[in-house]
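Q: Dropping a structure here in structure tokens format, bear with me for questions.
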Amino acid sequence: MLKWLIIISGLQLFGIGLFTMFISDLSIIPFIPQDAPADLYSEFRAMFAGSFVAFGYLLIRYALSASFIPIGLMMIYVMISISFGRVISFLYEGISPFSLFAFFGELSLAIILYLYYRKKKNEISYF
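Position 98 (the sequence shown) corresponds to 767 in our numbering; numbering is contiguous.
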């Protein structure tokens with residue numbers, strides 16, 4: 670029963686994230702002001718939607734996996750999803766200097782996390 674509640678919650682988060690990421694007009698979402706600047710839409714599409722997609726995926730994977738998911742790998746998934754949301758925001762809101770800077774920061778963090786995850790994975794002693 671708990672497993673299915675986690676899966677349903679994960680699917681809901683995943684769906685909300687994808688809806689927010691790919692909807693062309695974010696002004697229909699009630700808690701975003703109608704006159705908000707494009708930078709706010711860009712941040713909302715990347716951070717909110719990307720985080721929801723990542724957390725939904727991780728909940729589903731956690732419920733269906735027989736093994737534990739390492740924390741570093743979870744953070745990599747979150748940062749990749751946020752970066753993907755940022756790319757989608759480039760298509761809808763355009764590229765601003767801040768959003769480009771934030772995108773490269775998010776992508777750099779994802780790469781650094783991946784490299785460190787691989788390094789730590791190779792250092793684990795199995796004896």
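From the three backbone atoms N, C-alpha and C, an ideal C-beta is built for every residue, glycine too.
In whole angstroms, what separates the C-alpha of G774 from that of I740?
A: G774 and I740: Cα-Cα distance of roughly 20 Å.
Q: Looking at the secondary structure, which residues open and close the alpha helix (DSSP H) in which Q703 lies?
A: Unbroken run through Q703: none, as it is neither H nor E.
Q: Is the stretch 675–688 touching the stretch 706–713 in the sense that three or more CB pairs, one from each, lie closer than 8 Å?
A: Taking 8 Å as the limit for Cβ pairs, the verdict is that the stretch 675–688 does not touch the stretch 706–713.
Q: Buried or exposed: S768, going by 16 or more other Cβ atoms within 10 Å of its Cβ?
A: So S768 ends up on the buried side.
Q: Using CA atoms only, rank isn't needed, just tell me which of R787, M670, T689 and I780 is closest to M716.
A: Among R787, M670, T689 and I780, the Cα nearest to that of M716 belongs to T689.
Q: Is the beta carbon of A705 less than 7 Å from the beta carbon of M748?
A: Cβ atoms of A705 and M748: not closer than 7 Å.
Q: By alpha-carbon positions, which one of R787, F759, L782 and K789 ends up nearest to S693?
A: Closest option to S693, Cα to Cα, is F759.
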